[in-house]
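**Q** Mind looking over this structure? Questions follow.
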Amino acid sequence: MADQTKIHDDIKLYTTSDKFYLEPTINPTEILVIDRVSGEAYVREINTVKIPIPANAYKPVCGFLGTIKLISGLYLVVAKYRTLVGQINGHDIYEMAGSDIIPYARSTTHLTSKQIDDNNTYERLLRAALEALEYISHTAMTSLTQCKDYILFHQIFTRCHFKVVQTLALFGMDTF
């Protein structure tokens, strides 16, 4: 495997009954494999992994945001769509235009009806939180301070100005 971490922002997500495969679209040399049963994740050389479904049976995603555990088990969290809105210190900043959560578990038969209801509530809350996540970067940490600085000096994030001001006010911070 490579000595240096590579950042991939166009990814093919293959989903089988027992694994997720995240393969870079451009110049793939490695693939992330996630076991849906054990939750184990590992990176393998692309030529050592045989994906057991057709090559065109993938879902395009633009980012792997992580995993989260809800009542029914782990969920894969991915960014589906994004739009480039600018740069901060040479790092591309994207507006996230869609996300998805995909359960590792293939069914909820192991849950009671109360647990299913609660899990559905948590799923709705997670989806709402992801909708509120407006900006992502594959190479830079994007914080509220960086967004504020970017607005002050570059005037590109005019669409997020109102929401940033609201957020700053909620935290008792000075607005600009």
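For the sequence shown, our numbering gives the first residue as 817, with consecutive numbering after it. All C-beta atoms, glycine included, are put in the ideal place defined by N, C-alpha and C. For clarity, every value in this text was computed on a predicted model and none was experimentally measured.
(1) Using the C-alpha atoms, what's the distance from ILE850 back to GLU856?
(2) Quick one, are the C-beta atoms of CYS878 and ILE827 less than 9 Å apart?
(3) Quick test of the definition: if touching needs 3 or more C-beta pairs under 8 Å, does the stretch 896-915 touch the stretch 862-873?
(4) Please name the residue, chosen from ILE847, THR924, LEU949, that lies closest to LEU886 on a Cα-to-Cα basis.
(5) Report yes if the C-beta distance between LEU890 and SER915 is below 9 Å; otherwise report no.
(6) When you compare each of THR845, PRO840, PHE880, ILE869 to SER953 by their alpha carbons, which one comes out closest?
(7) Three-state secondary structure (DSSP) at ILE839?
(8) How far does the beta strand (DSSP E) with LYS896 in it reach, from first residue to last?
(9) Whose C-beta lies closer than 8 Å to the C-beta of THR899 among residues of the same chain, with five residues either side of it excluded?
(10) Can you name the start and end residues of the beta strand (DSSP E) that ILE909 belongs to?
(11) Could you tell me how far apart the beta carbons of TYR830 and ILE869 are, in whole angstroms, since I believe they sit closer than 8 Å?
(12) Can you tell me the Cβ-Cβ gap for SER888 and LEU927, rounded? I've got them flagged as a contact below 8 Å.
(13) Put TYR874 into one of helix, strand or coil per three-state DSSP.
(14) Expressed to the nearest angstrom, what Euclidean distance is found between the alpha-carbon atoms of TYR811 and ASN843?
(15) Can you tell me which of LEU848, HIS824, LEU892 puts its alpha carbon nearest to the alpha carbon of GLU861?
(16) With DSSP as the reference, identify every bridge partner of VAL859, one or two as the case may be.
**A** Let me spell this out:
(1) For this step, residue 856 is matched to residue 40 along the sequence shown. For this step, residue 850 is matched to residue 34 along the sequence shown. For GLU856 and ILE850, the distance between alpha carbons rounds to 6 Å.
(2) Taking the first residue of the sequence shown as 1, we reach residue 878 at position 62. Taking the first residue of the sequence shown as 1, we reach residue 827 at position 11. In contact: CYS878 and ILE827 (Cβ atoms closer than 9 Å).
(3) no
(4) In the sequence shown, counting from the first residue as 1, residue 886 sits at position 70. The shortest C-alpha separation from LEU886 is found at THR924.
(5) Reading the sequence shown from its first residue, position 74 is the one you call residue 890. Reading the sequence shown from its first residue, position 99 is the one you call residue 915. Cβ distance not < 9 Å, so LEU890 and SER915 don't count as in contact.
(6) Mapped onto the sequence shown, residue 953 falls at position 137. The shortest Cα separation from SER953 among THR845, PRO840, PHE880, ILE869 belongs to PHE880.
(7) Walking along the sequence shown from the start, residue 839 turns up at place 23. In the sequence under discussion, the amino acid at residue 839 is Glu, which differs from the Ile named in the question. Three-state DSSP puts GLU839 in a strand.
(8) In the sequence shown, residue 896 corresponds to position 80, counting from 1. Run containing LYS896: 889-904, per the beta strand (DSSP E) assignment.
(9) The count along the sequence shown starts at 1 and reaches residue 899 at position 83. Within the same chain, THR899 has close Cβ partners TYR910, GLU911, ALA913.
(10) Along the sequence shown, read from residue 1 onward, the residue named residue 909 stands at position 93. Unbroken beta strand (DSSP E) run through ILE909: 907-919.
(11) For this step, residue 830 is matched to residue 14 along the sequence shown. For this step, residue 869 is matched to residue 53 along the sequence shown. Yes, they are in contact, since the Cβ atoms of TYR830 and ILE869 sit about 6 Å apart, within 8 Å.
(12) As a first step, residue 888 must be located in the sequence shown, where it is residue number 72. As a first step, residue 927 must be located in the sequence shown, where it is residue number 111. Yes, they are in contact, since the Cβ atoms of SER888 and LEU927 sit about 6 Å apart, within 8 Å.
(13) Residue mapping note: residue 874 aligns to position 58 of the sequence shown, counting from 1. In the structure shown, TYR874 sits in coil (DSSP, three-state: anything other than H, G, I, E or B).
(14) Past the boundaries of the shown model lies residue 811; the chain is included only from 817 to 992, so the question cannot be answered.
(15) Mapped onto the sequence shown, residue 861 falls at position 45. Nearest C-alpha to GLU861: LEU848.
(16) Mapped onto the sequence shown, residue 859 falls at position 43. DSSP lists LEU848 as partners of VAL859.
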